[in-house]
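Just below is one structure, and these are the notes that go with it.
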Amino acid sequence: MIFDRFLDTFVKVKHLDLFGESSHAKMSPPYRIELARKMAEKAKFAKKAGVLALFYPSLQNETYLVLILRKSYKGVHSAQVGFPGGKYEDEDKNLMITALREAKEEVGVPEKTVKVIRDITPLYIPPSNFMVHPYLGVSEYTPHFRKQDEEVEAILEVNLEDFLNPTNIIKTKVPTSYNVSVEVPAFKLNGHIVWGATAMMLGEIKDLLKEVL
Numbered sequence: 001m002i003f004d005r006f007l008d009t010f011v012k013v014k015h016l017d018l019f020g021e022s023s024h025a026k027m028s029p030p031y032r033i034e035l036a037r038k039m040a041e042k043a044k045f046a047k048k049a050g051v052l053a054l055f056y057p058s059l060q061n062e063t064y065l066v067l068i069l070r071k072s073y074k075g076v077h078s079a080q081v082g083f084p085g086g087k088y089e090d091e092d093k094n095l096m097i098t099a100l101r102e103a104k105e106e107v108g109v110p111e112k113t114v115k116v117i118r119d120i121t122p123l124y125i126p127p128s129n130f131m132v133h134p135y136l137g138v139s140e141y142t143p144h145f146r147k148q149d150e151e152v153e154a155i156l157e158v159n160l161e162d163f164l165n166p167t168n169i170i171k172t173k174v175p176t177s178y179n180v181s182v183e184v185p186a187f188k189l190n191g192h193i194v195w196g197a198t199a200m201m202l203g204e205i206k207d208l209l210k211e212v213l
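Here full-length UniProt numbering is used: the first residue of the sequence shown is 1, the next is one more, and so on.
Below you can see the structure in the form of C-alpha cells.
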C-alpha cells in the first residue's frame, strides 16, 4: 500500500475502541489462558515494558512495519521475533518514552522522527513476568536503521500487504519456555515464525487496521 494513503487513514485508529482479548485470543497459544489465570496474582506486580509498532515508507513509498529478531541467549525470548522495545527505567517519564527510547537503542530510529498515534491493549507475558504496553507510531521518512548488535540479530522490514495477507497466518509447532513443543497460531513474515505475545499484539493491530483501511 502506498504510504501516503496509509497515513491518511491510519490516524483514524486513535478513535476506535480496542479489541483487546478478542483479538489476542485468536493468536494465543493454547496453554495461555490457564497459565494467565494461575499467575493472575503475580501479574499485579509484573515488571513493565514498552514496545513500538512503527510504520514507515520504503524508498519506493510502500508501507512497512519494523520488527526485530532477538539474539540467541539464555532467556525465555531467545531468538524470537518481537517489536523494538524493552524494560521501563526509572528515568522514563512514562511507558511511551520507554518504547521510543528502546526503539532508538535497538534499531536506531530517533524519537523526534516518530509520531505516536496511540497505545493499544497491554499484554501480560507469564514466562518473563512483564506487562507489555504497545504503542502505534509512524515515521513519515524512510528510517536509516542501525541494529544494536548486543541484543538484535536482525531487523525485519515487513511489507504491510504481507502482514495483512490472511494466508500468512498459520499453525505451527514451536518450542516453549516450558520445555515442550506445542501447536500455536502464528504469523509467517519475512520467512520467520512470529508467535506468542508478539503475534497477539499484531493480531490486535491487524484488526484495527482492517477497520480503517
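All C-beta atoms in this analysis are idealised placements derived from N, C-alpha and C, irrespective of residue type, glycine included.
{"Query": "CA-to-CA distance, valine 182 to threonine 98, given in whole angstroms", "Result": "32 angstroms"}
{"Query": "Which of helix, strand or coil DSSP assigns to glycine 20", "Result": "coil"}
{"Query": "Bridge partners - tyrosine 124, DSSP secondary structure assignment", "Result": "Met131"}
{"Query": "CB-CB length for glycine 85 against leucine 52, believed under 8 angstroms", "Result": "6 angstroms"}
{"Query": "9 angstroms Cβ cutoff met for methionine 27 and glycine 191", "Result": "no"}
{"Query": "Alanine 154, enclosing beta strand (DSSP E) - first and last residue", "Result": "152 to 159"}
{"Query": "Inter-stretch contact at 8 angstroms, needing at least 3 Cβ pairs: the segment 103 to 120 / the segment 33 to 43", "Result": "no"}
{"Query": "C-alpha distance - glutamate 21 paired with proline 29, whole-angstrom precision", "Result": "13 angstroms"}
{"Query": "Rounded straight-line distance, which links the Cα of valine 180 to that of proline 57", "Result": "39 angstroms"}
{"Query": "Sequence-distant residues of its chain with Cβ nearer than 6 angstroms to proline 143 (five each side left out)", "Result": "Tyr56, Val109"}
{"Query": "Beta-carbon proximity of leucine 208 to valine 13, cut-off 9 angstroms", "Result": "yes"}
{"Query": "Whole-angstrom distance between lysine 38 and isoleucine 117, CA atom to CA atom", "Result": "34 angstroms"}
{"Query": "Three-state secondary structure (DSSP) of glutamate 111", "Result": "helix"}
{"Query": "Element boundaries [alpha helix (DSSP H), containing lysine 206]", "Result": "196 to 212"}
{"Query": "Isoleucine 33 - containing alpha helix (DSSP H), residue span", "Result": "32 to 38"}
{"Query": "Close Cβ partners of arginine 70 (< 8 angstroms) along its chain, the five nearest in sequence each way excluded", "Result": "His77, Ser78, Ala79, Gln80, Val81, Gly82, Glu151, Val152, Glu153"}
{"Query": "Exposure label - threonine 63; buried when at least 16 CB within 10 Å", "Result": "buried"}
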